[in-house]
Amino acid sequence: MSALPAAIDSRGAIPRHVAIVMDGNGRWAKKRFMPRFFGHKAGVDALVRTVLSCADRGVEYVTVFAFSSENWKRPTEEVSGLMGLVLVAVAKYLGKLADKGVKIKIIGDRGQVSDKLRQAWEQAESSTAHNTRITLSVAFNYGGRWDIVQACRHAIADGVPPEQLDEAALNKYMALSHAPDPDLFIRTGGEVRISNFLLWQAAYSELFFSDCLWPEFGDAELDAALAEYARRDRRFGGVDTARSVAVQT
Ligand code: FPP
Numbered sequence: 021m022s023a024l025p026a027a028i029d030s031r032g033a034i035p036r037h038v039a040i041v042m043d044g045n046g047r048w049a050k051k052r053f054m055p056r057f058f059g060h061k062a063g064v065d066a067l068v069r070t071v072l073s074c075a076d077r078g079v080e081y082v083t084v085f086a087f088s089s090e091n092w093k094r095p096t097e098e099v100s101g102l103m104g105l106v107l108v109a110v111a112k113y114l115g116k117l118a119d120k121g122v123k124i125k126i127i128g129d130r131g132q133v134s135d136k137l138r139q140a141w142e143q144a145e146s147s148t149a150h151n152t153r154i155t156l157s158v159a160f161n162y163g164g165r166w167d168i169v170q171a172c173r174h175a176i177a178d179g180v181p182p183e184q185l186d187e188a189a190l191n192k193y194m195a196l197s198h199a200p201d202p203d204l205f206i207r208t209g210g211e212v213r214i215s216n217f218l219l220w221q222a223a224y225s226e227l228f229f230s231d232c233l234w235p236e237f238g239d240a241e242l243d244a245a246l247a248e249y250a251r252r253d254r255r256f257g258g259v260d261t262a263r264s265v266a267v268q269t
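So the working numbering is basically just the index in the sequence shown, starting at one, shifted up by 20.
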């Protein structure tokens with residue numbers, strides 16, 4: 021098990037669900053005079069490391085932004101490199117993740133990806149479906165706005181009457197309906213924005229931005245994010261009960 025900073029252990033405030041925008045692969049590669057693909061490849065290693073570290077710390081769900089609906093605008097070479105990387109990553113890491121108790125789910129629009137890629141996703145999902153230690157959801161060809169639109173379309177197609185379409189009803193159609201909302205939303209790479217990731221689900225997530233480039237993200241950065249999360253006062257739009265009581269007495 022992990023050696024956790026005391027602040028995390030004593031408060032017991034481990035997030036159930038951590039969402040991550042894995043930014044900075046390109047810059048990491050550039051610093052090494054290497055092509056961007058080299059950074060994405062190192063990004064996969066960082067992803068596997070981080071999921072296993074999260075599992076060690078008691079996190080139950082990790083959701084990562086691997087390819088956004090907007091990433092098609094990147095140079096063709098980089099897009100096809102990322103697609104190929106998925107196949108390589110599945111071949112290299114699926115056995116290890118499966119053995120370590122990781123359940124894999126893919127969220128996003130599968131319509132535009134190749135048959136080969138779809139088959140790799142299906143293999144990753146079916147061969148880990150029985151696992152219960154931690155769920156890794158990989159957002160691929162995903163956008164938060166796409167997710168809201170596809171959920172509305174499916175609800176309409178199912179004949180849900182407008183007066184019954186409340187937040188809980190729509191949530192059942194969202195891509196992450198298998199997980200609770202993310203408690204902690206981490207973005208590496210120094211940019212301070214959400215970039216159309218989990219717009220619906222991150223409504224009350226605690227945001228943590230790190231200058232660390234994704235391939236360099238390790239246990240020290242993860243524990244810093246978890247320690248910061250443990251210090252946060254989550255009110256979900258209400259008041260802090262502990263504090264109000266203290267004020268009254
Ligand atoms: C952002 O860095 C990163 C991405 C667009 C891709 C992230 C993908 C991976 C880590 C691989 C995922 C693969 C699997 C199998 C899940 P950037 O390229 O925008 O970096 P930059 O901001 O430094 O240019």
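Using N, Cα and C, we set each Cβ at its ideal position, and we do this for glycine too.
Computed from a predicted model, the values in this text were never measured in an experiment.
K125: not part of any alpha helix (DSSP H); member of the beta strand (DSSP E) spanning V122 to I127, first to last residue. According to the DSSP secondary-structure assignment, A159 is paired through a beta bridge with F85 and I127. Comparing C-alpha distances from V110 to each of A33, Q132 and Q139 shows the shortest one belongs to Q139. Using a C-beta cut-off of 8 Å, the stretch 129-136 makes no contact with the stretch 51-59, since fewer than three inter-stretch Cβ pairs fall below that distance.
Partner residues in a beta bridge of I34, as assigned by DSSP, do not exist.
Per DSSP, I206 is one residue of the beta strand (DSSP E) stretching across L204 to R207.
For E187, the uninterrupted alpha helix (DSSP H) segment begins and ends at E187 to N191. In this structure, G163 is the residue among M194, L218 and G163 with its C-alpha nearest to the C-alpha of S89.
A250 is positioned such that its CB atom lies closer than 8 Å to that of A33. I176 sits in a helix when the DSSP states are folded into three classes. Listed in chain order, the beta strand (DSSP E) elements of length 3 or more contained wholly in the stretch 198-243 are 204-207 and 226-229.
Residue environment for E97: exposed (fewer than 16 other C-beta atoms within 10 angstroms of its C-beta).
Between the C-alpha atoms of K120 and N151 there is a straight-line separation of about 9 Å. When the alpha-carbon of V122 is set against those of G128, T83 and W92, the nearest one is in T83. When beta bridges are read from the DSSP output, V169 appears opposite no residue. Within the same chain, N216 and L219 come within 7 Å of R165 by CB-CB distance, once the 5 residues on both sides are set aside. No residue range can be given for V79, since it is assigned to no alpha helix (DSSP H) and is classified by DSSP as neither H nor E. Of the candidates F160, A189, A159 and R153, A189 places its Cα closest to the Cα of R173. In the structure shown, A62 falls within a helical segment according to DSSP collapsed to helix, strand and coil.
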